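One structure is given below, encoded as structure tokens.
Protein chains in written order, with this note's numbering: chain A, 1 to 301; chain B, 1001 to 1512.
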């Protein structure tokens, strides 16, 4: 990570850590802030030797000229970014906005569901629906109360907000489908649902709305390289054929998506990734030891 | 004394061989296979050109390089002169000498080839291109600036060629690229053992010296649209050369298994993202011991040979027609065979087999035979009933072609044809005034030199549309040969000046 000279692109202007594993980066890119719409994503390279990773645009500020990314440190790259992406540094590459923007239709009552990190990308959609005059019911789910983020921000664009935690340490005990069921019982006139989160959550969210036949849009984030339709790594199986998430999506009708296929394909570099994380942890450990050792040497002088 | 007239009997009979790395050694590394001609070899090969008045090679070249003229200069040991002749029409000799399918173009129609092996035009072109890079030769003409701004979408061969011509015509040219590095397919697609990325960078450097600006990490269509470029960003003309991209799959069972990927993905991970150097770079490559590549074009050959270099023990090529119909360059197939690629001609995949854990275990294929010719004139392959067989593989790579990339179509009002490619007239003008398109996004997948030819053709149309004189046509006869230049200046170069009818250029350019 390099210190950005003045005017360097893709400068990180703000950072917030929600938990040990979740963090937010606000990156300067005025042209992208103007172009971005809810549902779109970017591809980021944090340094010249890094990999290209897709991240959903969680928010954008046209006046400040920034876009917001919310990231979970799960693999080597996202952990490295957690360590290195400080305010004032810059990303090596940032390209987007990619994908077809979400369709904010004219539904009068919508259910916006976010699981874990998925709360971030569903936020601009909830805001979009609110601005379009819909009655918005938000359902957000986390593992426990320590991982809850953006409750106030999300609540501000919802008419009702249901918080769920797996262990019941905040709000309703259970995962988002619990909250969804409550919302669906109370509001039988919900016309549309948006659900974003881990694939397994989106699968069950889609199953929850299937009996009522409520249109449920999900946002898919499979492995991809270029993000422009060229590699085909992000192809997903739908009931009517194969589509590329990067240019045909990332939003798809959740009742059409083959989530088992998606989850299997997400794991295709798992072993390589596991080794990369192990090496990264090892190098961090060694770096710490080195720093400690150097510090001791300095003291000895 | 005038040189004796050459005849087919007096020229060296054998085509001069070129040194190549040993197949067993090179299959373990990414070094360039073809070492290129040395000085004596190039001189000897240049003697094989008959300088026939007919010049079929010039017509066989998509950008009409004056081939006999540059070969004559080589024979006279005037290598800079040869470079000047080539760069009159072809900007990237080091690239084209390596990747053009010469056997279907200049060399395919060479008069010597009627009775002997044709002159090795591609190798001679590369010899000059490499020498120019090594010696730092530049042909930057005097450019009189015009008030026009030109935007180029895509930095591959089509975009590079169009950008160079427009820059020489005095335009302020900006090239937009979605990847983090410029070069398009030359960078992400063609591997180093065939076209080193250092060669591509050296050629890009020449474009920068012409004043061309490159803006990477810019996805046109989504960050801003084609219409915005014309209406808001102050570009007087736009060229779209985004390539075909979108890889095809076959729709057979098992394609979503882990271990099935497109050649584009494999090549990009390996070349642009340096996945072959896992100690230094983060982008992973799929583990593979036994690889099957479907298809027999140049991309398939690249995927096969990359797999071998990444350490696969068995690498199979699966193609439904026979070797004679394979679309790859003859040299690539020859190199692949030498390196130990196992070719399965007249074989078609019918399914990919699962190991029970969503990984590829192998492939099921059927034997084919050639039937009646189809509309492409090639004999149509027909399945042989009951000939199905299975073999083991843990990585399946699709190199069966590409479809149109949908992004520009999704985000602009441009008229597309029924296959999703951009619709143009014979001058490569699109349905939006001032917007031109060329290369794979118009024709579907083709070659590097065809894309460059399209880029240059679009540049001619663009100049006409802007009211700039087309130097190539208007001044061809008056351009001074390189050795008649005055103190290094070409007396004809003032013709690059624009004819001052700034149609469509009423308002000066402003960047928002």
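Backbone N, C-alpha and C fix where the C-beta goes; we use that ideal spot for every residue, glycine too.
The structure presented is a predicted model; accordingly, all values stated were derived computationally and were not measured.
Within-9 angstroms CB hit, residue i to chain A
i	result
residue 1476 of chain B	Unreliable placement is indicated for residue 1476 of chain B, whose pLDDT of 44 sits below 50; the coordinate value is still reported in the next sentence. No, its Cβ sits nowhere closer than 9 angstroms to a Cβ of chain A.
residue 1452 of chain B	no
residue 1502 of chain B	Bear in mind that the predicted position of residue 1502 of chain B carries a pLDDT of just 38, short of 50, making it too unreliable to give a figure here.
residue 1280 of chain B	yes
residue 1183 of chain B	no
residue 1353 of chain B	no
residue 1407 of chain B	yes
residue 981 of chain B	Outside the displayed range of chain B (1001 to 1512) lies residue 981 of chain B, so it cannot be described from this structure.
residue 1222 of chain B	yes
residue 1303 of chain B	no
residue 1568 of chain B	The structure shown has nothing for residue 1568 of chain B, since chain B only spans 1001 to 1512.
residue 1197 of chain B	no
Alpha-carbon spacing of residue i relative to residue j, whole angstroms
i	j	result
residue 1168 of chain B	residue 1456 of chain B	12 angstroms
residue 1386 of chain B	residue 1367 of chain B	9 angstroms
residue 1391 of chain B	residue 1363 of chain B	6 angstroms
residue 1031 of chain B	residue 1074 of chain B	27 angstroms
residue 1065 of chain B	residue 285 of chain A	59 angstroms
residue 1244 of chain B	residue 1444 of chain B	6 angstroms
residue 1496 of chain B	residue 217 of chain A	Per-residue confidence for residue 1496 of chain B stands at a pLDDT of 42, beneath the threshold of 50, marking its modelled position as unreliable; the derived number appears in the next sentence. Rounded to the nearest angstrom, the two C-alpha atoms are 56 angstroms apart.
residue 1271 of chain B	residue 1263 of chain B	12 angstroms
residue 1432 of chain B	residue 1306 of chain B	41 angstroms
residue 1242 of chain B	residue 1408 of chain B	9 angstroms
residue 144 of chain A	residue 81 of chain A	24 angstroms
residue 1435 of chain B	residue 83 of chain A	45 angstroms
residue 1012 of chain B	residue 1058 of chain B	22 angstroms
Candidates the options, of which the one nearest residue i by Cα
i	options	result
residue 1114 of chain B	B:1027, B:1103, B:1252 and B:1122	B:1103
residue 1290 of chain B	B:1270, B:1312 and B:1271	B:1312
residue 271 of chain A	B:1447, B:1329 and B:1359	B:1359
residue 1410 of chain B	A:86, A:100 and A:161	A:100
residue 260 of chain A	B:1262, B:1261 and B:1257	B:1257
residue 1353 of chain B	B:1053, B:1018, B:1260 and B:1085	B:1260
residue 303 of chain A	A:35, A:247, A:268 and A:219	No answer is possible for residue 303 of chain A: it lies beyond the span of chain A, which begins at 1 and ends at 301.
residue 1384 of chain B	B:1320, B:1329 and B:1190	B:1320
residue 1254 of chain B	B:1361, B:1287 and B:1097	B:1361
residue 1293 of chain B	B:1372, B:1394, B:1225 and B:1335	B:1394
residue 14 of chain A	A:25, A:64 and A:59	A:25
residue 39 of chain A	A:242, A:223, A:121 and A:215	A:121
Cutoff 9 angstroms: residue i Cβ touching any chain B Cβ
i	result
residue 259 of chain A	no
residue 64 of chain A	no
residue 250 of chain A	no
residue 82 of chain A	no
residue 244 of chain A	yes
residue 273 of chain A	yes
residue 90 of chain A	no
residue 226 of chain A	yes
residue 28 of chain A	no
residue 32 of chain A	yes
residue 162 of chain A	no
residue 232 of chain A	yes
residue 268 of chain A	yes
residue 98 of chain A	yes
residue 173 of chain A	no
residue 264 of chain A	yes
residue 203 of chain A	no
residue 56 of chain A	no
residue 114 of chain A	no
Heavy atom of the ligand FMN within 8 angstroms of residue i beta-carbon
i	result
residue 284 of chain A	Ligands displayed in this structure: none; no statement on the ligand FMN is therefore possible.
Exercise. Between the stretch 1282-1302 of chain B and the stretch 1158-1178 of chain B, do at least 3 Cβ pairs fall closer than 8 angstroms?
Worked result: no
Exercise. Taking only runs of the alpha helix (DSSP H) that begin and end inside the stretch 92-161 of chain A, which ones reach a length of at least 4 residues, in chain order?
Worked result: 119-131 and 151-156
Exercise. What runs of the alpha helix (DSSP H), each 4 residues or longer, lie entirely inside the stretch 1194-1271 of chain B?
Worked result: 1197-1209, 1226-1231 and 1263-1270
Exercise. Which runs of the alpha helix (DSSP H) fall wholly inside the stretch 189-264 of chain A and span at least 4 residues, in chain order?
Worked result: 199-209 and 245-248
Exercise. With a cut-off of 8 angstroms, do at least 3 Cβ pairs link the stretch 164-182 of chain A to the stretch 83-91 of chain A?
Worked result: no
For this session: Decide if the stretch 131-140 of chain A is in contact with the stretch 156-166 of chain A; the criterion is three or more beta carbon pairs, one per stretch, under 8 angstroms apart.
Result: yes
Problem set entry | Unbroken stretches of the beta strand (DSSP E), 3 residues or longer, contained in the stretch 1312-1350 of chain B | 1314-1318 and 1342-1344
Problem set entry | Secondary structure, beta strand (DSSP E): runs of 3+ residues fully inside the stretch 1354-1385 of chain B | 1360-1373 and 1379-1383
Problem set entry | Segment contact flag, the stretch 1327-1346 of chain B with the stretch 1209-1219 of chain B, C-beta cutoff 8 angstroms, min 3 pairs | no
Exercise. In the stretch 1020-1102 of chain B, which residue ranges form an unbroken alpha helix (DSSP H) of at least 4 residues, counting only runs that do not cross its ends?
Worked result: 1023-1026, 1039-1046, 1056-1060, 1067-1075, 1079-1089 and 1093-1099
Exercise. Given 8 angstroms as the limit, is there contact between the stretch 1085-1096 of chain B and the stretch 1129-1136 of chain B, that is, 3 or more CB pairs closer than that?
Worked result: yes
For this session: Give, in chain order, every unbroken run of the alpha helix (DSSP H) that is at least 4 residues long and sits entirely within the stretch 1134-1168 of chain B.
Result: 1157-1168
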